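Quick notes on the structure that follows.
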Amino acid sequence: MPTVDDVLEQVGEFGWYQKRVFLTLCLTSAALAPIYLGIVFLGFSPPHHCRSPGVSELSQRCGWSPAEELNYTVPGLGAADEAFLRQCMQYEVDWNQSTLSCVDPLASLAANRSHLPLVPCQHGWVYDTPGSSIVTEFNLVCANAWKVDLFQSCVNLGFFLGSLGIGYIADRFGRKLCLLATSLVMALSGVLTAVSPDYTSMLLFRLLQGMVSKGTWMSGYTLITECVGSGYRRTVAILYQVAFTVGLLGLSWLAYAIPHWRWLQLAVSLPTFFFLLYYWCVPESPRWLLSQKRNTQAIKIMNHIARKNGKSPPADLQILSLEEDDTEKRSPSFIDLFRTPNLRKHTCILMYIWFSCAVVYQGLVMHMGATSRNLYLDFFFSALVELPAALIILVTIDRAGRIYPLALSSLVAGAACLVMLFISQDQHWLNIVVACLGRMGITIVLQMICLVNAELYPTFIRNLGVMVCSALCDVGGIFTPFMVFRLMEIWQALPLVLFGVLGLTAGGVTLLLPETKGVALPETIQDAENLQRKAKPKENTIYLQVQASELKGT
Numbered sequence: 001m002p003t004v005d006d007v008l009e010q011v012g013e014f015g016w017y018q019k020r021v022f023l024t025l026c027l028t029s030a031a032l033a034p035i036y037l038g039i040v041f042l043g044f045s046p047p048h049h050c051r052s053p054g055v056s057e058l059s060q061r062c063g064w065s066p067a068e069e070l071n072y073t074v075p076g077l078g079a080a081d082e083a084f085l086r087q088c089m090q091y092e093v094d095w096n097q098s099t100l101s102c103v104d105p106l107a108s109l110a111a112n113r114s115h116l117p118l119v120p121c122q123h124g125w126v127y128d129t130p131g132s133s134i135v136t137e138f139n140l141v142c143a144n145a146w147k148v149d150l151f152q153s154c155v156n157l158g159f160f161l162g163s164l165g166i167g168y169i170a171d172r173f174g175r176k177l178c179l180l181a182t183s184l185v186m187a188l189s190g191v192l193t194a195v196s197p198d199y200t201s202m203l204l205f206r207l208l209q210g211m212v213s214k215g216t217w218m219s220g221y222t223l224i225t226e227c228v229g230s231g232y233r234r235t236v237a238i239l240y241q242v243a244f245t246v247g248l249l250g251l252s253w254l255a256y257a258i259p260h261w262r263w264l265q266l267a268v269s270l271p272t273f274f275f276l277l278y279y280w281c282v283p284e285s286p287r288w289l290l291s292q293k294r295n296t297q298a299i300k301i302m303n304h305i306a307r308k309n310g311k312s313p314p315a316d317l318q319i320l321s322l323e324e325d326d327t328e329k330r331s332p333s334f335i336d337l338f339r340t341p342n343l344r345k346h347t348c349i350l351m352y353i354w355f356s357c358a359v360v361y362q363g364l365v366m367h368m369g370a371t372s373r374n375l376y377l378d379f380f381f382s383a384l385v386e387l388p389a390a391l392i393i394l395v396t397i398d399r400a401g402r403i404y405p406l407a408l409s410s411l412v413a414g415a416a417c418l419v420m421l422f423i424s425q426d427q428h429w430l431n432i433v434v435a436c437l438g439r440m441g442i443t444i445v446l447q448m449i450c451l452v453n454a455e456l457y458p459t460f461i462r463n464l465g466v467m468v469c470s471a472l473c474d475v476g477g478i479f480t481p482f483m484v485f486r487l488m489e490i491w492q493a494l495p496l497v498l499f500g501v502l503g504l505t506a507g508g509v510t511l512l513l514p515e516t517k518g519v520a521l522p523e524t525i526q527d528a529e530n531l532q533r534k535a536k537p538k539e540n541t542i543y544l545q546v547q548a549s550e551l552k553g554t
């Protein structure tokens with residue numbers, strides 16, 4: 001009986017119809033970008049100082065320029081190491097008293113300003129920005145600065161919580177239904193985030209958006225890889241991730257055009273309602289339909305693909321079947337991931353790589369956003385380097401293997417972070433170039449680790465292995481904002497030390513994993529244990545198995 005891959009070889013593995021579906025689903029990948037990294041623009045913190053009653057009136061009466069007003073009334077001005085003073089403290093002075101002169105008004109109160117008492121900001125802040133962000137609207141600075149970290153952590157917490165159920169929904173009710181349901185909730189929660197009246201409600205809607213948005217991305221990812229032939233799955237999967245990069249590039253220009261966070265949030269959320277049109281233009285996965293014994297619908301879809309591709313369906317299409325592996329019927333157990341010495345080693349290493357690449361990737365983006373001189377251009381150029389990262393993977397993965405490019409990319413990312421410690425802040429463009437190099441390295445790691453993860457586990461625990469290990473990516477994302485922004489309060493470059501150590505150690509431990517290029521997928525625990533001694537050709541079904549693993553694991 002013919003399988004889906006057999007039929008696709010005759011009706012078109014990546015014909016006109018699949019290309020149209022692919023380009024359509026790429027929009028879901030691009031839509032994840034502003035959710036995952038939109039914090040750079042939604043939560044930017046502009047220069048600010050305490051709002052003091054009476055200062056505006058005194059400034060107007062004395063005819064001060066903005067620079068003079070700041071110089072006379074804000075403590076710690078001009079000292080690079082006293083940012084906390086000028087941003088979070090104010091002189092305990094009644095600016096309405098008539099004894100204050102227009103020239104150095106504080107001189108009449110104390111010979112040295114440092115002797116004047118300081119208090120935390122009492123009446124809010126003044127922000128030096130033409131736009132707005134959640135920081136400026138909800139005053140998330142000084143003692144409340146950690147709430148920005150929590151805002152981004154909620155997205156990653158949503159990813160983690162959503163991964164516990166989205167895979168089941170996609171396997172139980174279908175990829176297309178999962179895609180439509182998560183798209184609807186993602187769009188609604190995005191709009192509700194934009195119109196939130198207070199910080200708490202905004203946080204809850206952001207958490208909800210995180211819980212479904214990754215499910216939308218993964219449903220589209222699985223749908224397209226299950227609708228193309230085996231010879232195109234890897235390329236399609238990598239290009240689908242490139243669409244995420246295109247989303248980042250578009251986000252930088254959109255944020256430049258719309259500097260107000262509520263309108264920006266609406267601009268990236270409202271278009272996702274159009275994903276509901278996928279009901280009419282995206283097919284259900286024929287592989288999933290066959291797994292559910294819905295052969296008639298699967299045959300109908302394959303006939304439709306053949307007709308749109310201008311091909312004739314094979315004569316034996318009516319007996320289409322799903323190639324099954326009996327080893328999948330064995331019940332997986334969490335203990336199996338640690339049952340043997342090599343499996344224990346592989347599981348621990350993969351968990352660490354997932355965690356470290358999440359911290360380094362998100363951390364580099366957030367650190368760039370917090371230290372950038374031109375936020376929009378720097379974000380654009382750092383996202384642009386993700387495009388050659390995809391090309392490098394396509395060129396090297398079947399030539400140089402998996403492990404050495406993976407380890408080298410991680411080492412490059414870690415080394416780039418440490419090199420930035422020795423570059424002066426005045427050499428801004430050199431900092432950007434090195435940061436982009438690190439960004440490219442960690443992007444390669446993120447795009448390759450899914451494949452390597454799936455190839456190291458035997459069939460019956462492959463889904464579980466990817467799910468458990470990749471969960472550390474979301475866990476890393478939960479803690480990254482606190483690591484970045486709180487460490488920067490101690491020393492602006494301190495997060496780079498952490499990223500460098502994580503990247504270098506991840507690259508080192510990657511070399512302890514066995515190379516899987518040209519090696520068949522392990523079917524039993526013994527096969528996985530003996531991976532380093534295996535060297536038989538891979539089966540054609542490998543990438544389909546990788547995709548199925550990723551759906552259940554994220």
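Note that full-length UniProt numbering gives residue 366 to position 366 of the sequence shown, counting from 1, and the numbers run on in steps of one.
For glycine and all other residues, C-beta sits at the position ideal for the given N, C-alpha and C.
A quick note: this is a predicted structure, and the numbers were derived from the prediction, not measured.
Between Gly438 and Leu364, the CB-CB gap stays under 8 Å. Annotated three-state conformation of Cys50 is strand, per DSSP.
Ile169 and Cys178 have their C-alpha atoms spaced approximately 6 Å apart.
In the structure shown, Pro117 falls within a coil segment according to DSSP collapsed to helix, strand and coil. Phe355 and Ser219 have their C-alpha atoms some 23 Å from each other.
With respect to the 8 Å criterion, Cys469 and Leu350 are classified as neighbours on the basis of their beta carbons.
Its Cα nearest to that of Arg234, the residue Glu13 stands out among Leu502, Val360, Glu13 and Ile442. For Val228, the three-state secondary structure derived from DSSP is coil. Residue pairing from DSSP places His260 in a beta bridge opposite Ser132.
In chain order, Ser133 place their CB closer than 6 Å to the CB of Phe44, counting only its own chain and leaving out the 5 sequence neighbours on each side. In the three-state DSSP reduction, Trp125 falls in the strand class (E or B). A direct Cα-Cα distance of roughly 6 Å separates Tyr17 from Asn309. Between Glu529 and the set Asn303, Lys345 and Met89, the nearest pair of CA atoms involves Lys345.
Cα atoms of Leu270 and Gln209: separation of roughly 13 Å, rounded to the nearest angstrom. About 18 Å separates the Cβ atoms of Leu266 and Val212, ruling out a contact at the 8 Å cut-off. Residue burial annotation: Trp280 is exposed, with fewer than 16 other C-beta atoms found within 10 angstroms of its C-beta.
By a beta-carbon distance limit of 8 Å, Ala370 does not contact Met483. Their separation comes to about 12 Å. Counting only runs of 4 or more residues that sit fully inside the stretch 354 to 395, the alpha helix (DSSP H) segments are 375 to 384, in chain order.
Cα atoms of Leu464 and Leu161: separation of roughly 16 Å, rounded to the nearest angstrom. Taking 8 Å as the upper bound for CB-CB distance, Cys450 and Val385 are not in contact here, some 20 Å apart. Between Pro120 and Met89 a beta carbon distance of about 6 Å is seen, short of the 8 Å cut, so the two are scored as contacting.
In the displayed model, Tyr457 falls within coil according to three-state DSSP, outside both helix and strand.
A straight-line Cα-Cα distance of about 45 Å links Asp6 and Phe205. Non-local beta-carbon contacts of Arg113 in its own chain, meaning distances under 6 Å to residues more than five positions away in sequence, involve Leu106 in chain order.
When rounded, the separation of the alpha-carbon atoms in Val359 and Ser409 is 15 Å. By the criterion of a C-beta distance shorter than 7 Å, Leu276 is surrounded in its chain by Leu180, Ser183 and Leu184, once the five residues flanking it on both sides are discounted.
Straight across, the Cα-Cα distance linking Ser196 with Met202 is about 5 Å. By the C-beta density criterion, Thr28 is buried, having at least 16 other C-beta atoms within 10 angstroms. Counting the other CB atoms within 10 Å of its CB gives Asp426 a total below 16, which places it among the exposed residues.
For Gln265, the three-state secondary structure derived from DSSP is helix. The criterion of a C-beta distance shorter than 8 Å is not satisfied by Pro458 and Thr516. Counting along the chain, no alpha helix (DSSP H) covers Met420, and no H or E run does either. Contact annotation: Ala506 and Ile353 have beta-carbon atoms nearer than 8 Å. Burial is judged here by how many other beta carbons sit within 10 angstroms of a residue's own beta carbon; Arg20 has fewer than 16 and is exposed.
Looking at the DSSP output, Gln90 sits in a beta bridge with Val119. Taking C-beta atoms as the reference points, Val445 and Cys357 count as a pair closer than 8 Å.
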